[in-house]
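Each remark here refers to the structure printed beneath this line.
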Amino acid sequence: MPGPPVLLGGRRRFALRGLAVALVVVLSGVTLLAAIGSGEEGTGRTADGRPMPTPRRDPVTAVSDPASLPRLEDAECRFEPPAWETVTCHDLVVLQDRSDPAAGALHLHVAVYPADSTQPQGDPVVFLTGGPGATALIDYEDFSAYPFRLERDLIVMDQRGTGSSRPSLACPETDPVDLLAYGSGFRQHEALERCRERLEDDGVRLRSYSGADIADDLTELRGALGIDRWNLYGISYGSRLALTVMRDHPEGIRSVILDGAYPPQVDLYAEGALNASRAFTRLFAACAADVSCARDHPDLEDRFWDLVADLDREPLTVEQPGGDAEWQVSGAVFLSFVFDSLYYADAIPTLPAAIGEVEAGRTEALLSYLEGYAHGHDLSHDQYDISEGMHFAAQCREERPFTDRAAYQARSRFLRDDVVAHFDPGIDFMICDTWKVPPAPAVENEPVTSAIPTLLLSGEFDPSRRPAGRPWLRRRLSGRSATPTRAADTAPSSTWTAHTRWLQSSSRGQRPPRMMPA
Numbered sequence: 000m001p002g003p004p005v006l007l008g009g010r011r012r013f014a015l016r017g018l019a020v021a022l023v024v025v026l027s028g029v030t031l032l033a034a035i036g037s038g039e040e041g042t043g044r045t046a047d048g049r050p051m052p053t054p055r056r057d058p059v060t061a062v063s064d065p066a067s068l069p070r071l072e073d074a075e076c077r078f079e080p081p082a083w084e085t086v087t088c089h090d091l092v093v094l095q096d097r098s099d100p101a102a103g104a105l106h107l108h109v110a111v112y113p114a115d116s117t118q119p120q121g122d123p124v125v126f127l128t129g130g131p132g133a134t135a136l137i138d139y140e141d142f143s144a145y146p147f148r149l150e151r152d153l154i155v156m157d158q159r160g161t162g163s164s165r166p167s168l169a170c171p172e173t174d175p176v177d178l179l180a181y182g183s184g185f186r187q188h189e190a191l192e193r194c195r196e197r198l199e200d201d202g203v204r205l206r207s208y209s210g211a212d213i214a215d216d217l218t219e220l221r222g223a224l225g226i227d228r229w230n231l232y233g234i235s236y237g238s239r240l241a242l243t244v245m246r247d248h249p250e251g252i253r254s255v256i257l258d259g260a261y262p263p264q265v266d267l268y269a270e271g272a273l274n275a276s277r278a279f280t281r282l283f284a285a286c287a288a289d290v291s292c293a294r295d296h297p298d299l300e301d302r303f304w305d306l307v308a309d310l311d312r313e314p315l316t317v318e319q320p321g322g323d324a325e326w327q328v329s330g331a332v333f334l335s336f337v338f339d340s341l342y343y344a345d346a347i348p349t350l351p352a353a354i355g356e357v358e359a360g361r362t363e364a365l366l367s368y369l370e371g372y373a374h375g376h377d378l379s380h381d382q383y384d385i386s387e388g389m390h391f392a393a394q395c396r397e398e399r400p401f402t403d404r405a406a407y408q409a410r411s412r413f414l415r416d417d418v419v420a421h422f423d424p425g426i427d428f429m430i431c432d433t434w435k436v437p438p439a440p441a442v443e444n445e446p447v448t449s450a451i452p453t454l455l456l457s458g459e460f461d462p463s464r465r466p467a468g469r470p471w472l473r474r475r476l477s478g479r480s481a482t483p484t485r486a487a488d489t490a491p492s493s494t495w496t497a498h499t500r501w502l503q504s505s506s507r508g509q510r511p512p513r514m515m516p517a
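Residues in the sequence shown are numbered consecutively from 0, following numbering that gives the first Met the number 0.
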């Protein structure tokens with residue numbers, strides 16, 4: 000399982016997990032990207048002097064025999080699993096638009112990680128990553144730590160439009176280094192518009208990249224693999240996908256784990272600032288309640304907000320070692336840094352010290368975070384850690400039609416002005432206005448009711464969702480459910496006890512416990 004991402008690496012998949020998997024790519028990301036950077040607009044080069052390559056064209060495949068689909072094909076793995084793993088890869092070939100075979104076919108990349116047991120259980124676990132638009136096979140290259148694999152195969156699919164699947168709906172037009180040079184969320188909107196036009200020229204039907212379409216893909220995958228029953232494990236947006244499968248295709252599902260549950264009726268955009276503010280407050284309260292933290296970092300909350308204001312007035316310059324790049328860190332950037340770090344239990348304890356370091360003008364804690372933005376979308380790579388095209392195809396179809404600016408303002412009316420401004424969804428709304436996808440049916444904004452055994456997990460410091468497992472969600476899921484709470488969310492769990500016991504108890508004919516400590 001990946002280590003503490005924000006602090007330990009330069010890859011954007013780690014630095015942006017708080018934005019990508021938590022579904023707030025623009026809610027936080029545009030403010031950050033607009034606030035940092037160097038380079039010159041229109042030069043055709045990145046800030047460190049590299050030429051901006053032309054985006055790779057990835058057209059939809061024509062279908063000669065629609066009756067042959069769905070079809071499972073053996074494939075070479077289009078990612079690099081650890082050397083000690085024996086991973087089997089496939090391409091699931093499906094119709095892009097099941098109502099119109101002329102729309103062509105997609106090749107969805109699938110990896111099967113074998114169980115450790117020589118006599119594995121017959122009900123594997125399928126992992127559903129977040130986003131929408133995140134890649135599972137690149138983000139989580141090492142699944143060896145997953146305890147599911149003691150007795151079960153683990154199945155991982157890059158969802159349509161993402162990662163190793165073809166076509167990819169990634170938007171290299173929004174390369175972060177280029178965005179830093181642009182210095183404006185409105186210019187990101189323009190870049191995304193160019194991406195949308197390119198995708199449509201390549202035969203992509205953006206209305207066919209919704210959660211319901213992915214749920215259909217998963218059901219066809221289960222049939223193609225010859226699996227009678229399996230278990231769904233969804234994180235963040237993946238939990239919404241799991242709920243969609245439970246609603247549309249309940250047959251064949253043995254149990255479900257919703258990690259950082261994001262049910263369809265939640266108004267993600269309206270709750271953005273409220274949930275972030277709640278997480279910040281919990282962080283500061285936890286430090287104040289801890290003797291050593293309170294001693295070493297007194298008055299952390301006041302100092303943090305003062306620092307955000309100071310950085311907005313006078314940004315802090317951060318230089319990359321070797322002089323390749325330089326960033327101006329505003330209060331908005333620092334707010335995003337702390338927000339993103341709250342997704343990881345290993346990163347949370349380091350935040351009080353990081354706040355103090357930046358307060359003193361030391362920038363080491365920020366460096367890998369900024370490098371993740373600067374280099375995460377290197378256009379020399381075929382795969383991208385977040386598919387912006389897929390993200391907005393789904394969000395503008397499933398989320399945007401059921402909210403508005405007034406709902407955001409109503410939920411945020413008692414919050415700090417800087418938080419309200421930072422998480423304002425206005426850019427998202429503007430993008431959706433030109434993304435040209437029809438609204439999803441009303442059912443995509445309604446609660447899912449199911450008797451399938453379901454385990455709910457929530458994070459105490461989760462900055463994008465309410466903690467405590469949402470009691471009204473538990474009431475809808477009448478199957479046996481439990482709600483352990485752990486420090487962080489929307490990442491492979493740092494504690495697996497609840498997951499393992501949940502799967503093992505049902506597989507052996509036992510009743511899953513109603514409540515289990517994580």
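Even glycine gets a Cβ: it sits at the ideal position worked out from N, Cα and C.
### Query
Is the Cβ-Cβ distance between T60 and G130 less than 8 angstroms?
In this structure, T60 lies away from G130, with their beta-carbon atoms at least 8 angstroms apart.
- Item | Alpha carbon of R56 to alpha carbon of E300, nearest angstrom | 48 angstroms
Exercise. Can you give me the start and stop residues for the beta strand (DSSP E) that R70 sits inside?
Key: R70 to D73
Item checked: C-alpha distance - T402 paired with L127, whole-angstrom precision -> 25 angstroms
Next item on the list: Have a look at P263 and T134 and give me their C-alpha separation to the nearest angstrom.
Entry: So the alpha carbons of these two residues sit roughly 21 angstroms apart.
At which residues does the alpha helix (DSSP H) containing I426 begin and terminate?
Secondary structure note for I426: its alpha helix (DSSP H) is the uninterrupted segment G425 to W434.
Notebook entry, point to check: First and last residue of the alpha helix (DSSP H) that includes H421?
Noted result: D416 to H421
- [ ] Please determine, among R228, F303 and T453, the residue with the shortest C-alpha to C-alpha distance to E356.
- [x] Among R228, F303 and T453, the Cα nearest to that of E356 is on F303.
Rounded separation between E459 and R281 - CA only
Pairing E459 with R281, the inter-Cα distance amounts to about 8 angstroms.
Practice item. Compare the Cα-Cα distances from D417 to each of L168, D339, V125 and V332 and report the closest residue. Key: V332
Which of helix, strand or coil DSSP assigns to H390:
helix
- Taking DSSP as the reference, what is the three-state secondary structure of A102? Helix.
Quick one: grab the DSSP three-state call for H188. helix
Within the continuous alpha helix (DSSP H) that includes I213, where are the two ends? G210 to A223
Q.
Let's test the definition: count the other Cβ atoms within 10 Å of the Cβ of Q118 and tell me whether it reaches 16, buried, or not, exposed.
A. Within 10 angstroms of the beta-carbon of Q118 lie fewer than 16 other beta-carbons, which makes it exposed.
Pull up the DSSP beta-bridge partners for N230, would you. V124 and S254
Exercise. Is it the case that the Cβ atoms of G132 and I385 are separated by a distance below 8 angstroms?
Worked result: Against a cut-off of 8 angstroms, the Cβ pair of I385 and G132 comes out as a contact.
Under 6 angstroms Cβ to Cβ from T448, same chain only, skipping five residues before and after it: list those, please. Contacts found: R475.
Inset, instruction - Helix, strand or coil for G271, going by three-state DSSP, please let me know. - result: helix
Hey, could you find the ends of the alpha helix (DSSP H) C292 is sitting in?
-> V290 to D295 is the span of the alpha helix (DSSP H), which, as asked, contains C292.
message = Would T453 and L240 qualify as a contact pair, given that the criterion is a beta-carbon distance under 8 angstroms?
response = no
* **Touch test, the region 207-222 against the region 389-397, Cβ-Cβ under 8 angstroms, three pairs minimum** => yes
Practice prompt. Go ahead and pull the three-state DSSP assignment for S402.
Written response: One detail in the question is off: residue 402 reads as Thr in this sequence, not Ser. Coil.
For the beta strand (DSSP E) that I385 lies in, which residues bound it at each end? That residue, I385, is in no beta strand (DSSP E); it is neither H nor E in DSSP.
Put W83 into one of helix, strand or coil per three-state DSSP. Residue state, collapsed to three classes: coil.
Notebook entry, point to check: Which same chain residues, not among the five before or five after A272, have their C-beta less than 8 angstroms away from its C-beta?
Noted result: Y407, R410, S411, L414, V418, V419, H421, F422 and D423
Quiz prompt | Which listed residue (D266, S463 and E79) has its alpha carbon closest to that of A275 | solution = Across the set D266, S463 and E79, the C-alpha of S463 shows the shortest separation from the C-alpha of A275.
| message | So, at 7 angstroms on beta carbons, what are the nonlocal neighbours of M245 in its own chain, with the 5 sequence-adjacent residues on each side left out? | response | I252, V255, V447, S449 and I451
Next item on the list: From the DSSP output, in three-state form, read off I532 for me.
Entry: With the chain represented from 0 up to 517, any question about residue 532 goes unanswered, as that position is not in the structure.
For T83, count neighbouring Cβ atoms within 10 angstroms of its own Cβ and tell me buried if that reaches 16, exposed if not.
In the sequence as displayed, the identity of residue 83 is Trp instead of Thr. Under this definition W83 is an exposed residue.
| Which partner residues does D90 have in the DSSP bridge list? | E72 and H108
Tell me, to the nearest whole angstrom, how far the beta carbon of D90 is from that of A66; I am working on the premise that it is less than 8 angstroms. At roughly 18 angstroms, the Cβ-Cβ gap does not stay under 8 angstroms, so D90 and A66 are not in contact.
- Message: Considering just the uninterrupted stretch of the beta strand (DSSP E) at E318, what are its terminal residues?
- Response: L315 to E318
If we count Cβ pairs, one from each stretch, closer than 8 angstroms, do we get three or more for the region 424-440 versus the region 183-199? yes
For the putative contact between G125 and W229, defined by C-beta atoms under 8 angstroms, what is the C-beta separation to the nearest angstrom? Reading off the sequence, residue 125 comes out as Val, not Gly. The Cβ separation is near 6 angstroms, so the contact holds.
Would you mind stating whether P100 and E219 have Cβ atoms separated by less than 8 angstroms?
no
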